[in-house]
Amino acid sequence: MSRPSLGRGERPGSSLTGGTPAVLLALVGALAATFVAAVTLPGTAIAVAGTAALGAGTVHDGRRTRLAGGALLLGAVAYGAYGGLPIPAVLGGAVAALVAIDGAERSVALDAQVPDAATFRLVLQRTGTTLLVATVAAGLGYGAYRIGSGQAPAPAAAFLVVGALLSAAALR
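For the sequence shown, position 90 (counting from the first letter as 1) is numbered 90 according to the working numbering, and the numbering increases by one without interruption.
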């Protein structure tokens, strides 16, 4: 069996991870977070920089770049909240950013472990789980916000506790 030759500028052990479906899902999540954060010009600039850094860190396997990109995406969503974005939109943007960060990390990990395997079903299942857990957490956070601000009836607190217990049971 012959080993594939390295392309120009490649070194042994370094490969681009752009071929995995997780990269596409990470990009979709990052673009959704960018869209949410685009209420102000600085928020848009921060989100675009975060999307670019997350993408570059994913494709070129740069952990620090991926983490910086994820932090910029979350920061852009937080800046959107400061700019007057409604709480549900902020939570949705945070969920999208977390899905993007998780997709980027999963993409690099899968490429390192099984570079030539078909991983589409695994990626979809894992991303769906991440999306579900993050959405439930955001819903619980929104419920706590509504209860804390006095905008929700008292039984909502009981539903919030039940939802938290069901979320914890689902993660077990």
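Think of the CB as a built atom: it goes at the ideal place given N, C-alpha and C, for glycine as much as any other residue.
Small disclaimer: the values here were computed from a predicted structure and weren't measured.
Check this for me: beta carbons of residue i and residue j, under 8 Å apart or not?
i, j, result
"A68", "V99", "no"
"T51", "Y79", "no"
"G63", "G70", "According to the sequence shown, residue 63 is Arg rather than Gly. In this structure, G70 does not lie closer than 8 Å to R63 by Cβ."
"A89", "L72", "no"
"A183", "G55", "The structure shown does not extend to residue 183, since the chain is modelled only from 1 to 172, so the question has no answer here."
"A53", "T65", "yes"
I'd like the span of the alpha helix (DSSP H) that includes residue i, first residue to last.
i, result
"V23", "21-37"
"D116", "Counting along the chain, D116 falls outside any alpha helix (DSSP H), and DSSP gives it neither H nor E."
"T44", "41-59"
"G80", "63-82"
Measure how close the beta-carbons of residue i and residue j come, nearest whole angstrom, since I'm counting them as under 8 Å.
i, j, result
"A94", "A138", "7 Å"
"V114", "A22", "Contact flag wrong, Cβ pair sits at about 12 Å."
"G103", "T127", "6 Å"
"A76", "I101", "Incorrect: roughly 13 Å between the Cβ atoms, too far for contact."
"G43", "G83", "6 Å"
Closer than 8 Å is the cut-off here; do at least three beta carbon pairs connect the region 28-39 with the region 109-123?
A contact between stretches requires three or more CB pairs, one per stretch, nearer than 8 Å, and the region 28-39 fails this requirement with the region 109-123.
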